[in-house]
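Novice: In our numbering, the protein residues as written are 146 to 1049.
1. With DSSP collapsed to three states, give me the class of residue 404.
2. Return the Cβ separation of residue 284 and residue 982 in integer angstroms, given the expectation that the two are a contact with Cβ distance under 8 Å.
3. If you follow the beta strand (DSSP E) that residue 360 is part of, which residue opens it and which one closes it?
4. Just how far apart, CA to CA, sit residue 444 and residue 869?
5. What does the alpha-carbon distance come out to for the pair residue 382 and residue 172?
6. Identify, in the order they occur along the chain, each residue of the same chain with its Cβ nearer than 6 Å to the Cβ of residue 615, setting aside the five sequence neighbours on each side.
7. Could you say which of 499, 918 and 347 lies nearest to residue 891 if we only look at CA atoms?
8. If you draw a straight line from the C-alpha of residue 224 to the C-alpha of residue 265, how long is it?
9. Leaving out five residues before and five after residue 601 in sequence, what residues of the same chain have Cβ atoms less than 7 Å from its Cβ?
10. Note down the Cα distance separating residue 222 from residue 245, rounded to an integer number of angstroms.
11. Take the Cβ of residue 1034 as the centre, count every other Cβ of all protein chains shown within 10 Å, and call the residue buried at 16 or more, exposed below.
12. Run the CB neighbour count on residue 1016, radius 10 Å, all protein chains shown included, and call it buried at 16 or more, exposed below.
13. Looking at residue 583 and residue 719, is the spacing between their C-beta atoms short of 9 Å?
14. Buried or exposed, going by whether 16 or more other CB atoms sit within 10 Å of the CB of residue 505?
15. Among the residues of its own chain, which have a CB less than 6 Å from the CB of residue 843, if the five just before and after it don't count?
16. Taking the alpha-carbon positions, what's the residue 653 to residue 761 distance?
17. Taking 9 Å as the cut-off, decide whether the C-beta atoms of residue 542 and residue 629 are in contact.
18. Can you tell me where the beta strand (DSSP E) with residue 721 in it begins and where it stops?
19. For residue 789, does the count of other Cβ atoms within 10 angstroms reach 16, so buried, or fall short, so exposed?
20. Given that a residue counts as buried once 16 or more other Cβ atoms are within 10 Å of its Cβ, and exposed if not, what is residue 151?
21. Run the CB neighbour count on residue 597, radius 10 Å, all protein chains shown included, and call it buried at 16 or more, exposed below.
22. Check for me: the beta strand (DSSP E) holding residue 563 runs from which residue to which?
23. By DSSP's criteria, residue 910 is part of a beta bridge. Which residues make up the other side?
24. DSSP three-state call for residue 327: helix, strand or coil?
25. Within the same chain, show all residues whose beta-carbon is closer than 7 Å to that of residue 806, passing over the 5 residues directly before and after it, in chain order.
26. Please report the Cβ distance between residue 291 and residue 268, rounded to the nearest whole angstrom; I am assuming they are in contact, meaning their Cβ atoms lie under 8 Å.
27. Can you find at least 3 beta carbon pairs, one from the region 705–712 and one from the region 733–740, that sit closer than 8 Å?
28. Can you list, in chain order, the residues of its chain whose CB lies under 7 Å from that of residue 698, leaving out five sequence neighbours each side?
29. On the DSSP bridge list, what partners appear for residue 444?
30. Could you pull the start and end residues of the beta strand (DSSP E) that residue 932 belongs to?
31. Taking C-beta to C-beta, are residue 476 and residue 556 nearer than 9 Å?
32. Which residue from 512, 466, 471 and 631 puts its Cα closest to that of residue 486?
33. Which same chain residues end up closer than 6 Å to residue 712 when comparing Cβ atoms and leaving out the 5 residues on each side of it in sequence?
34. If you draw a straight line from the alpha carbon of residue 460 to that of residue 1024, how long is it in whole angstroms?
35. Rounding to the nearest angstrom, what Cα-Cα distance links residue 947 and residue 954 in this structure?
36. Name the two residues that bound the continuous beta strand (DSSP E) containing residue 973.
Here it is in structure tokens:
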């Protein structure tokens, strides 16, 4: 006999859109499932169904069955079919914080057109949870969340009901699904009533004792599970039994409201949730951690298109809107939809079959094509307005756009065309003030140019001789542009004759970097004389796991000695230097068939690393290309370093996180999966030691490990995973990390990543007292200065419609933030039916921070708003000449969104 207030049974399906079958195959199943669901709901007026929290399935269904939209709307408005709140169910560690906001927006945009949506942050199968999720949900208007994976411990240690607190102090009331069953507890209930009741009593006996509210949740569904038509009758029959607790054919929202309505006070839990199962019976409650490094090329492509949209397209669209040039919201939305369709956890995690990931690459390319065209259009309209009256004779005007809201120096490239094959030996580059810039021709080819500006004919110019010119440009305005004049010259640059003697090192005012005979790098601080040795070593080890898990073979070997083939130095004396090291790393060709050791047959990995050091900078930019010819292995970068008493700190979504140097493994009697020693990061990791801060930034890499030294407590090695090559979707139980297979044991040849891969990352070593912000370092590495050749108007041609009656000066900045702790994550036109421009910042510091925002746009007013656009309060704008200034005070890790009203 059970004595609970209510047993809430929720019928649902968890719809992995693409996974062990491709999208279109799963869609065929989806259409049949929804057809049968609608028929069941027509016939059974009490039947209810939860449609997995992501509305993309509605889009997919209606593309095939558009005539059924009215039926879906009817059941949604009746409250019997619940949808949303997400567009897709993401992996929280692999996508940007801004993309998760776009995800909620797209979910609301589509879902609200059908009717009311689920007002719960539903995250049933995400592979762990970021610490800032409570703030995102709260700021979007949610009071409740439901989660499963990552929060692990015994049921006595981990409550079913609690408040989840973000680092900023935001809280949402949260339900943790059963550690033993997750979202599958009441799946496939028997049609036979007695057998069903026996199964229900067993479930209630396992789950009920930990439901402090007296409300017990049973989830009747699983991955791709069909609705069970007998559930209504089964519940009716159950409720005729006088000795049983009442059962309700319920919904997620009804359950959480009843649950927390009975609990005036619940425990508070904070931080990210990313622990594997330490609990008897929690076999399926694993976090399958090494999806962070599976099919790394997908992560790199995702980082590229996210950067393109967040850091270039949207800010330029906002500037175009403010300038009255118009913007392109439909195109931006379409680009984001392609990106978001790659964000479901089985997609972005790289743990699906090859067909799935091939289609993802196509979506990434489509998003990139849209984004690149939008950048072209907005920069073209911007450049059309620039005053060229100062242009020296023979000068080719070029606009250089800095997308970041602070002043910066940068190494950038421009293209200059010549009508013939004349040998040009140098380039003269000046700006409006007459200042000269270091420049060098680095590439030359004959091309057939295509004009991408849609207002001009694409094939308007014949074949030309294109010169790629590298320029070191100083003091670029914040979120703004500088115009330069570049002129090809037949005479050489005599200041750089003779060139210095060739060596194996590069240097600037602050740093010397030397390539050693073993291929590692030595960093020498020219101010202090400190030497950091053994940097940038490659480590290769066996991996007989799967797309979910790194799992070393029983008899593992590590290979770390690469043969240096050549060392080359270029770019001397022109504001930059480059050190190129070519390596050969011999590694086993594959694992043996029994997966217990690696083969004795060796194959060469060809590796080329280019280290670029720019004048006036303490950051070395690195590009490494790897021709991956081996199978069943993991390749990492090793950086020996010192750190203080704190663990390594890592960038994440609106956050900086730290994880323990050493982790506790599960007890032997409950072990299913190793507690991971590798952890997620986005953009950067860093460590402080004494007065020194060491930063490693990376583009599209997401997995690091701190390997403590056995000799000293403040020393160790930072390992960054470059790639994992694996043979199976699910097959990690062949190695030493797990007995679990979270997916079917299908062969996935593409998971071996047999391709040429290029990695972009960087190293910075500086003093802490210079207030160097790792997120700014990472942004400067990831967000390049954009160049656009300015077309000098021909008086005989019809004027381009977008050219305004006024001209802008040769340089201009529109937005500047004076405190590096306040990190801008978004600037864009306000979405949907909201007006004006939206700016979002987060305080990434550990203490409260105050900062000034200086805006040079036609702004009338400013309001603080929620992530959902709800106006919170009016903000005070001060006027300083032509600037509008706004002062903000933010708590640690607090996100603030500002909506600026602009003049018509």
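The beta carbon of each residue, even a glycine, is placed where N, CA and C say it ideally should be.
Keep in mind it's a predicted model, so treat the numbers as computed, not measured.
Specialist: Straight from the coordinates:
1. As a working note, residue 404 is residue 259 in the chain shown. It is helical.
2. The residue you call residue 284 lines up with position 139 of the chain shown. The residue you call residue 982 lines up with position 837 of the chain shown. Not a contact, Cβ separation roughly 19 Å.
3. As a first step, residue 360 is located in the chain shown; it is residue number 215 there, counting from the start. Taken as a continuous stretch (DSSP letters only), the beta strand (DSSP E) holding residue 360 covers 360–365.
4. Residue mapping note: residue 444 aligns to position 299 of the chain shown, counting from 1. Residue mapping note: residue 869 aligns to position 724 of the chain shown, counting from 1. If you draw a straight line from the Cα of residue 444 to the Cα of residue 869, it comes to about 12 Å.
5. Within the chain shown, the letter at position 237 stands for residue 382. Within the chain shown, the letter at position 27 stands for residue 172. Cα to Cα, residue 382 sits roughly 35 Å from residue 172.
6. Here residue 615 refers to the residue found at position 470 when the chain shown is read from its first residue. Closer than 6 Å at Cβ, skipping near neighbours: 558, 585 and 587.
7. In the chain shown, counting from the first residue as 1, residue 891 sits at position 746. Among 499, 918 and 347, the Cα nearest to that of residue 891 belongs to 499.
8. Translated into positions along the chain shown, residue 224 becomes position 79. Translated into positions along the chain shown, residue 265 becomes position 120. Distance between the alpha carbons of residue 224 and residue 265: 14 Å.
9. To locate residue 601, count along the chain shown from 1; it is residue 456. Once the five neighbours on either side are set aside, residue 601 has no close Cβ partner at all.
10. As a working note, residue 222 is residue 77 in the chain shown. As a working note, residue 245 is residue 100 in the chain shown. If you take the alpha carbons of residue 222 and residue 245, they lie about 26 Å apart.
11. The residue given as residue 1034 occupies position 889 in the chain shown. So residue 1034 counts as exposed.
12. Here residue 1016 refers to the residue found at position 871 when the chain shown is read from its first residue. Under this definition residue 1016 is an exposed residue.
13. Indexing the chain shown from 1 puts residue 719 at position 574. Indexing the chain shown from 1 puts residue 583 at position 438. Cβ distance < 9 Å, so residue 719 and residue 583 count as in contact.
14. Your numbering for residue 505 matches position 360 in the chain shown. Classification of residue 505: buried, given that the 10 Å Cβ count is 16 or more.
15. Position 698 of the chain shown holds residue 843. So the qualifying residues of the chain are 906.
16. Translated into the one-based positions of the chain shown, residue 653 becomes position 508. Translated into the one-based positions of the chain shown, residue 761 becomes position 616. Their backbone Cα atoms lie some 7 Å apart in a straight line.
17. As a position in the chain shown, residue 542 is number 397, starting the count at 1. As a position in the chain shown, residue 629 is number 484, starting the count at 1. Cβ atoms of residue 542 and residue 629: closer than 9 Å.
18. Locating residue 721 in the chain shown gives position 576, where the first residue counts as 1. From DSSP, the beta strand (DSSP E) with residue 721 extends over 721–733.
19. The residue given as residue 789 occupies position 644 in the chain shown. Result: exposed.
20. By 1-based counting over the chain shown, the position of residue 151 is 6. Result: buried.
21. Taking the chain shown and counting its residues from 1, the one referred to as residue 597 is at position 452. With fewer than 16 other Cβ atoms within 10 Å, it is exposed.
22. For the purposes of this step, residue 563 is taken as residue 418 along the chain shown, with counting starting at 1. Run containing residue 563: 553–563, per the beta strand (DSSP E) assignment.
23. Start at 1 with the first residue of the chain shown, and residue 910 comes out as number 765. Bridge partners of residue 910: 839.
24. Taking the first residue of the chain shown as position 1, residue 327 is located at position 182. Helix, per DSSP.
25. Sequence index remark: in the chain shown, residue 806 carries index 661 (1-based). Cβ within range, chain order: 792, 851 and 853.
26. Here residue 291 refers to the residue found at position 146 when the chain shown is read from its first residue. Here residue 268 refers to the residue found at position 123 when the chain shown is read from its first residue. Sure, about 7 Å apart at Cβ, within 8 Å.
27. Contact fails: fewer than three Cβ-Cβ distances are below 8 Å.
28. In the chain shown, counting from the first residue as 1, residue 698 sits at position 553. Closer than 7 Å at the Cβ level, and outside the excluded window around residue 698, lie 687, 689, 736, 740, 741, 742, 743 and 880.
29. For the purposes of this step, residue 444 is taken as the residue at position 299 of the chain shown. Bridge partners of residue 444: none, in fact.
30. For the purposes of this step, residue 932 is taken as the residue at position 787 of the chain shown. First-last of the beta strand (DSSP E) with residue 932: 931–934.
31. Within the chain shown, numbered from 1, the residue matching residue 476 stands at position 331. Within the chain shown, numbered from 1, the residue matching residue 556 stands at position 411. The answer is no: Cβ separation not under 9 Å.
32. Numbered from its first residue, the chain shown carries residue 486 at position 341. The residue with the shortest Cα to Cα distance from residue 486 is 512.
33. Counting from 1 along the chain shown, the entry for residue 712 is found at position 567. Correct list, in chain order: 649, 660 and 726.
34. Along the chain shown, read from residue 1 onward, the residue named residue 460 stands at position 315. Along the chain shown, read from residue 1 onward, the residue named residue 1024 stands at position 879. Their backbone Cα atoms lie some 23 Å apart in a straight line.
35. Sequence index remark: in the chain shown, residue 947 carries index 802 (1-based). Sequence index remark: in the chain shown, residue 954 carries index 809 (1-based). Per-residue confidence for residue 947 stands at a pLDDT of 42, beneath the threshold of 50, marking its modelled position as unreliable; no derived number is given.
36. On the chain shown, residue 973 is found 828 positions in, with the first residue counted as 1. Counting along the chain, the beta strand (DSSP E) containing residue 973 begins and ends at 967–974.
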